[in-house]
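Protein chains in written order, with our numbering: chain A, 1 to 343; chain B, 1 to 67.
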């Protein structure tokens, strides 16, 4: 049996092109505009939003990456959960999707079948239909979905819109990139491996649906650009700064050991370099914790901005591992000040 | 002893370093050719009780691990 992660150099969202490189290209391409297009790529949001004119907003996103799980069925599940996450992060409900598949011609086709079955079962769980797709022959496996969902104008969550004093709630643990690197090196415990796989497979459906009862001012999901990278995008788009309590961030504990021993994906260093001017660490924060905050996440948590009272209620209702990790404030647009509250 | 991790991507350079340090040599030179390998091998060495000094050699770094 082929371990799929051994066939590729980088796994999951850690394979994302560095944000700095991507910025250089995207900023040189003139954006197309239309009255119906209410969210484009100007603020690095999770998906496009198209006003259908009848009260509904159509959301579209595409996400695909190299294997991040060794079993084909698991990989299909993770890739689907990850692709759907962008739709949930916009406050939308996914409706239909298409497969995007790159597959080596020399590889056993039963692997492709299991990936597709994993994705389809995850789609069924989410209540959407996968109908068709596109497959090309390539050197390494890559898989994901192009997803369409719908929401309404009053529940269109963007990464901009956070208000001064809002707090940030995250809904999953951080550290999938480091644990996946440890798995590749044969250094992860069976417990950590299982916990990370379960987390990556978990849909952000309940995290989003629970938030429908509250006033979400801004939202995103945490993926390849790391917790700090995606929070920076929220802060920048909302013209605010963030104070982040790194002691409150829910993490896979073993990822701290992994970071200490250098099992860190390359993407984390790209994220760190890209954010060098935007993140200020309190000097007391240890290196492994800093590394973890730059770790690229695959199928990571939702990050939701809302008032403190509502956030506290959300955390009680949703349960673990959701928690409040920071607060927005005015001034220093896009800056994140990281401190450690040990009380 | 010197090991050359050029051309390998993470976590391979750390695995190679770990193997080379198995018998706890007093020193080891590790050649790395990218930032992630440089950072990760340095972290691994420090976490296992070695100190690290580095010299730049063109597009590569030579990490000298000593204890």
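Beta carbons: idealized from backbone N, C-alpha and C, even for Gly.
Residues of chain A with a Cβ closer than 8 angstroms to the Cβ of residue 39 of chain B are, in chain order, 262, 264, 269. Below the 9 angstroms Cβ cutoff, chain B contributes no neighbours of residue 16 of chain A, its closest Cβ being approximately 14 angstroms away. Taken in chain order, the complete beta strand (DSSP E) segments of 3 residues or longer contained in the segment 30 to 81 of chain A are 37 to 39, 48 to 51, 56 to 65.
Check the Cα spacing between residue 53 of chain B and each of B:41, B:45, B:63, B:47: the tightest is with B:63.
In the DSSP annotation of this structure, the continuous segment of the alpha helix (DSSP H) that includes residue 235 of chain A starts and ends at 226 to 237.
The three-state reading of DSSP puts residue 54 of chain B in strand, counting E and B together.
Under a criterion of Cβ atoms nearer than 7 angstroms, the residues of chain A adjacent to residue 15 of chain B are, in order, 185.
Residue 125 of chain A and residue 203 of chain A do touch by the CB rule: their CB atoms are close to 7 angstroms apart, below 8 angstroms. Distance from the CA of residue 319 of chain A to the CA of residue 248 of chain A, rounded to the nearest whole angstrom, comes to 15 angstroms.
In the three-state DSSP reduction, residue 194 of chain A falls in the helix class (H, G or I).
Flagged as an interface residue toward chain A: residue 9 of chain B, by a C-beta distance shorter than 8 angstroms. Residue 20 of chain A and residue 275 of chain A have their C-alpha atoms some 9 angstroms from each other. With fewer than 16 other Cβ atoms inside 10 Å of its own Cβ, residue 342 of chain A counts as exposed. With a threshold of 8 angstroms between beta carbons, residue 35 of chain B makes contact with chain A.
Beta bridge pairing from DSSP links residue 327 of chain A with A:167, A:243.
Apart from the 5 residues on each side of it in sequence, residue 182 of chain A sits with its Cβ closer than 6 angstroms to the Cβ of 188, 258, 263 in its chain, given in chain order. Interface with chain A (8 angstroms Cβ-Cβ cutoff): residue 43 of chain B is included.
Between residue 207 of chain A and residue 151 of chain A, the CB-CB gap reaches or exceeds 8 angstroms. Neighbours of residue 47 of chain B in chain A, taken as residues whose beta carbon is under 8 angstroms from its own, are 260, 261, 262 in chain order. Under the Cβ criterion of 8 angstroms, residue 7 of chain A is not counted among the residues facing chain B.
Contact between residue 31 of chain B and residue 60 of chain B is confirmed by a C-beta separation of about 6 angstroms, below the 8 angstroms threshold. Within the segment 175 to 209 of chain A, the residues whose Cβ lies closer than 7 angstroms to some Cβ of chain B are 181, 184, 185, listed in chain order. Following the DSSP letters along the chain, one finds residue 137 of chain A inside the beta strand (DSSP E) bounded by residues 129 to 137. The beta carbon of residue 116 of chain A is closer than 7 angstroms to those of 76, 99 in its chain, skipping five residues each way along the sequence. Taking the CA atoms as reference points, residue 256 of chain A sits about 43 angstroms from residue 56 of chain A.
A distance below 8 angstroms between beta-carbons, with the five flanking residues on each side excluded, links residue 215 of chain A to the following residues of its chain, in chain order: 306, 307, 310. Residue 235 of chain A sits close to residue 336 of chain A, with the two beta carbons spaced by under 8 angstroms.
For residue 116 of chain A, the enclosing alpha helix (DSSP H) has its first and last residue at 109 to 126. A straight-line Cα-Cα distance of about 7 angstroms links residue 164 of chain A and residue 240 of chain A.
Residue 246 of chain A places its beta carbon 8 angstroms or farther from that of residue 222 of chain A. By the criterion of a C-beta distance shorter than 7 angstroms, residue 70 of chain A is surrounded in its chain by 3, 4, 5, once the five residues flanking it on both sides are discounted.
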